[in-house]
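Colleague:
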Amino acid sequence: MLAKALRKLGAELRRKTFHLICAMAICFLLNAASSWQMTIIAVVLFAIVIYPILALLERFPQYARFFSQRQPGEVKSSLILLCLMVALLTAIFWGWLGAKWKYIIIVAIMAWGYGDAAACLVGKTFGRHYLEHRLIEGKKTLEGTLAMVIVSGLAVFFTTVKYTSLSWHVCLLVALLVAPVCALVELYSLRGIDTITVPFATAISTFVVIQLFTGMRV
Numbered sequence: 000m001l002a003k004a005l006r007k008l009g010a011e012l013r014r015k016t017f018h019l020i021c022a023m024a025i026c027f028l029l030n031a032a033s034s035w036q037m038t039i040i041a042v043v044l045f046a047i048v049i050y051p052i053l054a055l056l057e058r059f060p061q062y063a064r065f066f067s068q069r070q071p072g073e074v075k076s077s078l079i080l081l082c083l084m085v086a087l088l089t090a091i092f093w094g095w096l097g098a099k100w101k102y103i104i105i106v107a108i109m110a111w112g113y114g115d116a117a118a119c120l121v122g123k124t125f126g127r128h129y130l131e132h133r134l135i136e137g138k139k140t141l142e143g144t145l146a147m148v149i150v151s152g153l154a155v156f157f158t159t160v161k162y163t164s165l166s167w168h169v170c171l172l173v174a175l176l177v178a179p180v181c182a183l184v185e186l187y188s189l190r191g192i193d194t195i196t197v198p199f200a201t202a203i204s205t206f207v208v209i210q211l212f213t214g215m216r217v
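Under numbering that gives the first Met the number 0, the residues of the sequence shown are numbered 0 to 217, in order.
(1) Among the candidates 208, 82 and 117, whose CA atom is the shortest distance from the CA of residue 12?
(2) Taking 7 Å as the limit between beta carbons, can you name the residues of its chain near residue 5, skipping five residues before and five after?
(3) Reducing DSSP to helix, strand and coil, say where residue 101 ends up.
(4) Do residue 204 and residue 197 have their C-beta atoms closer together than 8 Å?
(5) Taking all protein chains shown into account, do 16 or more other C-beta atoms lie within 10 angstroms of the C-beta of residue 97, making it buried, or fewer, making it exposed?
(6) What first and last residue would you give for the alpha helix (DSSP H) that runs through residue 86?
(7) Please classify residue 27 as buried or exposed, where buried requires at least 16 neighbouring CB atoms within 10 angstroms.
(8) Buried or exposed: which applies to residue 18, given that a residue is buried once 16 or more other Cβ atoms fall within 10 Å of its Cβ?
(9) Given residue 56, which residues of its chain have a CB within under 6 Å of its CB, disregarding the five upstream and five downstream residues?
(10) Quick one, are the C-beta atoms of residue 82 and residue 106 less than 8 Å apart?
(11) So, is residue 185 buried or exposed, given that buried needs 16 or more other C-beta atoms within 10 angstroms?
(12) To which residues does DSSP link residue 140 through a beta bridge?
(13) Quick one: residues in its chain with C-beta nearer than 8 Å to the C-beta of residue 0, no 5 flanking neighbours on either side, listed in chain order?
(14) With DSSP collapsed to three states, give me the class of residue 191.
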C-alpha cells in the first residue's frame, strides 16, 4: 500500500512540478516584460509553441504515465487554461487597472501554483478525511484543503511583502483573508477549471482586501 502510494505520488509530483515550472516562467516573464501588451503576446506565443509539442508527445504511452494524466489531454488543456488565465489577468490588473497592480498577477499565480500542488500532494499522501458534497468532484480531503490554505497563504504573504510597500502585518492579514478563499474555490472547481477559477478568485479577493485596508489606512 505504501509503495503504491509513493509511486502515485511520484507521478503526481512530476505533473505538479511541470505546472510550477510554467508558473515560475510566467512570473519571470512578468518581471522582465516592459508592457502588458508584450506580456500577452509572449504568453500566446508560448502556448502556440508548446501545444503542438505536447500533442506530439501524447502519442507515446510513456507520456501519460510520466505526467499521471487523469484523462487524455489533461496536461495540454491545463497549459492552455494557464496561458488564458495569465492573459486575462494581465489585461485586467496591468492593462486596465495600471502597472501598480501588476503584482496581483504574480500573487494569483504563486498562490494557485504552490497551493494546488500542496493540496494534491498532501491530500494523496496523508489524506484520511474525505470531503463529500454534490459540488465536490473526485476524492478531495480535509488534509489537502488545509494544506492549500497554509501554502497559498504563505505564497500570498511573501509575494505581497516583496512586491508592495505594505507592512508585514498588513500582508499577513491579507494572506489570512485570501487563503481560505483560494482553498474553497479549488475545492468546488469542476473538471480542472481551478486553473482559471483559483487565480481569479485570488486576484479579486487580494485586490478587494488591499483596497479595503488602504481605505481604512491600516
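All C-beta atoms, glycine included, are put in the ideal place defined by N, C-alpha and C.
Modeller: In this structure, then:
(1) 117
(2) With a pLDDT of 41 at residue 5, under the threshold of 50, the predicted position of this residue should be treated as unreliable, and no value is reported.
(3) Residue 101: coil per DSSP, three-state reduction.
(4) no
(5) That one is exposed.
(6) DSSP places residue 86 in the uninterrupted alpha helix (DSSP H) bounded by 73-89.
(7) exposed
(8) Result: buried.
(9) 62
(10) The Cβ atoms of residue 82 and residue 106 lie no closer than 8 Å to each other.
(11) buried
(12) 129
(13) With a pLDDT of only 44 at residue 0, under the threshold of 50, the placement of this residue in the model should not be trusted, and no figure is reported.
(14) coil
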